[in-house]
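To start, the structure under review is shown below, and the notes come after it.
There are 2 protein chains.
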Amino acid sequence: MASDHTRSAILSAAERLYADRGFGDVTLRDIVASASVNLAAVNYHFGSKDELIAELFVTRSLATNRERLNELKAAEEAGGGRAAIDAIFRALVGPTLRGCLGPTSGGSTAARFMIRASIESVPPIRRIKNREVDHLRKFAAAMRRSLPGRAEADLYWGLHFALAMAHHTIRERERLTKLSEGLCDLDDVQGIVERVVAVSVMALAGSGTRSGEKPGAQRARQGS
Amino acid sequence: MASDHTRSAILSAAERLYADRGFGDVTLRDIVASASVNLAAVNYHFGSKDELIAELFVTRSLATNRERLNELKAAEEAGGGRAAIDAIFRALVGPTLRGCLGPTSGGSTAARFMIRASIESVPPIRRIKNREVDHLRKFAAAMRRSLPGRAEADLYWGLHFALAMAHHTIRERERLTKLSEGLCDLDDVQGIVERVVAVSVMALAGSGTRSGEKPGAQRARQGS
DNA sequence: GATAGTTTCATACAACTGTTTGAAATGCAA
DNA sequence: TTGCATTTCAAACAGTTGTATGAAACTATC
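Structure, rendered in structure tokens:
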């Protein structure tokens with residue numbers, strides 16, 4: 020395995036190019052040119068283009084998941100087995116938002132790569148994301164412990180909405196800046212985390228107090 | 020312009036194929052084979068592949084936007100110029116969710132196409148989406164009229180989060196079903212609309228009462 | 001220093017892509 | 001029917017893509 024210089028040169032060149040120009044128009048030839056290695060090296064070291072992409076994504080997303088679980092574990096230990104619901108949401112969306120937003124996002128290749136991976140959905144990444152359910156289940160379990168009375172479906176909707184706000188903020192951060200004409204400060208990552216956490220907590224607190232009653236169903240609608 | 024038979028055959032074949040298999044692996048040759056027309060017909064009638072995709076997307080998204088604005092207008096007229104905030108959110112997310120979710124989504128090609136367009140981000144569609152800011156500004160304006168006291172940034176965040184929940188629900192509906200093991204009923208579209216609206220309203224109501232104070236900032240954090 | 005295993009390299013391959021071309025077919029007005 | 005414009009068609013084009021090949025270079029072991 021020698022020095023692995025070629026292998027890691029490919030990895031970092033690929034990550035940078037994908038981050039900058041997206042998966043759609045970066046070819047293996049672009050990557051090997053940027054890494055100053057031979058074209059055949061990609062297939063030799065990774066097997067195929069898709070496996071290269073998969074390795075890039077797995078590495079980064081394992082890191083995020085680990086960070087998430089660490090925060091969750093810390094919060095549960097601090098609460099004696101039951102984490103506060105806001106701490107759970109913070110552990111869920113904090114690492115992702117901190118990784119992809121703020122001043123880091125301009126400089127860190129890893130962050131920009133993960134943003135790309137979240138915007139463009141290519142087959143190898145989709146396959147990996149589909150296996151992420153187990154990871155999310157751990158957060159669902161923590162929420163169940165935190166709010167034993169709450170209906171199961173409400174917990175899942177809360178989890179889902181928290182991820183929705185976090186991911187959508189990452190995906191559409193440019194559009195939000197343009198829409199709000201800079202009023203929404205996308206560099207204040209901690210502020211955004213707290214905003215997402217606060218709304219997620221409210222969403223959960225507001226939805227019915229006990230079992231599966233649909234929230235908002237009491238409101239009248241105007242149309243058909 | 021004759022009967023336009025070829026043109027519309029291409030449009031509907033393309034929409035169906037893109038809906039079923041995504042933009043990534045549908046070629047012009049697939050489309051013309053499915054439409055039983057000649058390969059050159061696409062370039063003759065649409066100019067290029069991208070313009071074909073653009074026309075498909077523009078048609079569908081104009082329809083949704085029109086529906087949104089109709090609902091918004093009705094709500095504002097009913098309120099004498101000021102729509103209730105929940106009615107505004109309902110006008111924003113209702114048409115999209117109804118279009119892409121529920122029993123329709125299984126059968127309607129248009130709905131499945133729009134879901135694809137929301138998941139895979141191809142250049143021609145991205146270009147069009149970037150021009151959607153003007154449309155969203157109308158909703159921001161309605162929100163401003165509805166809640167004159169609220170800080171501008173909070174309104175944009177509210178708008179942003181509402182869209183986040185709606186789009187994420189469409190994008191990840193399969194994963195949410197799997198994660199919740201069917202507990203989240205993705206076929207109850209009206210229930211979902213009301214859930215999203217309720218959370219959006221709460222998000223806005225909960226964020227500071229007046230000026231740009233960041234919500235949740237009063238909460239302590241455990242980490243660094 | 002010969003040997004075996006790994007890694008690099010230039011090159012070719014085979015397939016597929018969107019687009020163009022120029023001629024045939026069609027429709028329609030005079 | 002003649003003439004003209006629109007539309008269809010088969011075929012080819014020019015370019016790109018990821019991958020495979022087999023020889024060369026390198027590395028470490030004996």
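Going line by line, the protein sequences match chains A and B. This note's numbering applies: residue 20 is where the first sequence begins, and numbers increase by one. This note's numbering applies: residue 20 is where the second sequence begins, and numbers increase by one. Just so it is clear, CB atoms sit at the ideal spot from N, CA and C, and this is done for glycine as well.
Neighbours of B/K92 across chain A, judged by C-beta separation under 7 Å, do not exist; the nearest C-beta is about 12 Å away. Only E171, A172, Y175, W176, L178, H179, F180, L182, A183, M184, H186, H187, T188, E191, R194, L195, K197, L198, S199, L202, C203 from the segment 171-203 of chain B bring a Cβ to less than 8 Å from some Cβ of chain A. With fewer than 16 other Cβ atoms inside 10 Å of its own Cβ, A/H24 counts as exposed. A distance below 6 Å between beta-carbons, with the five flanking residues on each side excluded, links B/D105 to the following residues of its chain, in chain order: V216, V220.
In this structure A/S53 is in contact with A/A32, their Cβ atoms being roughly 4 Å apart against a cut-off of 8 Å. Near chain A, meaning a CB-to-CB distance below 7 Å, the residues of the segment 213-226 of chain B are E213, R214, V216, A217, V218, M221, A222, G225. Residue environment for B/G99: exposed (fewer than 16 other C-beta atoms within 10 angstroms of its C-beta). In this structure, A/A159 lies near A/L178, with their beta-carbon atoms less than 8 Å apart. Within the segment 26-59 of chain A, not one residue has a Cβ closer than 7 Å to any Cβ of chain B. In the three-state DSSP reduction, B/T25 falls in the helix class (H, G or I). Comparing alpha carbon positions, the residue from A/E171, A/T128, A/R146, A/S137 closest to A/D39 is A/T128. With respect to chain A, the C-beta atom of B/V208 has no partner C-beta closer than 8 Å. Just measuring C-alpha positions, the residue of A/V45, A/E96, A/F180, A/I29 sitting nearest A/R135 is A/V45.
Under the DSSP assignment, B/P143 falls in the alpha helix (DSSP H) whose first and last residues are 142-149. In the displayed model, A/P114 falls within a helix according to three-state DSSP. Just measuring C-alpha positions, the residue of A/I211, A/S80, A/I29 sitting nearest A/R145 is A/S80. Note on geometry: alpha-carbon atoms of A/V56 and A/F65 lie some 14 Å from one another. In the displayed model, B/E70 falls within a helix according to three-state DSSP. With contact defined as three or more Cβ pairs closer than 8 Å, the segment 88-97 of chain A and the segment 106-118 of chain A are in contact.
With a cut-off of 8 Å on Cβ pairs, the segment 188-195 of chain B is not in contact with the segment 153-170 of chain B, counting fewer than three such pairs. Scanning its chain for C-beta atoms nearer than 6 Å, with the 5 sequence neighbours on each side dropped, one finds no residue around A/L155. A straight-line Cα-Cα distance of about 43 Å links B/A130 and A/R26.
In this structure, A/P114 places its C-beta atom within 8 Å of the C-beta atom of A/E90. Where B/D173 is concerned, the enclosing alpha helix (DSSP H) starts and stops at 171-190. Residue-level contact by beta carbon fails for A/R131 and chain B, as no gap is shorter than 8 Å.
By the neighbour-count criterion, in which a residue is buried when 16 or more other Cβ atoms sit within 10 angstroms of its Cβ, A/T188 is buried. Looking at B/E70, B/K68, B/M162, B/D69, the one whose alpha-carbon comes closest to that of B/A224 is B/M162. Annotation: the continuous alpha helix (DSSP H) that includes A/V220 extends over 208-225. Among the residues of chain A, those whose CB is under 8 Å from the CB of B/I138 are S140, following chain order. When the Cα atoms are used, B/A103 and B/F180 turn out to be separated by approximately 18 Å.
In terms of CA proximity to A/E139, A/G41 leads the group A/L36, A/E34, A/G41. Classified as exposed, A/G201 has fewer than 16 neighbouring CB atoms from the shown chains inside 10 Å of its CB. Within the model, the alpha-carbon separation for B/E74 versus B/V51 is close to 16 Å. Residue environment: B/D153 is assigned as exposed (fewer than 16 neighbouring CB atoms within 10 Å of its CB, all protein chains considered). Residue-level contact by beta carbon holds for A/R156 and chain B, with a gap shorter than 8 Å. For B/V152, the chain A residues whose Cβ falls inside 8 Å of its Cβ are R194, K197, L198, in order along the chain.
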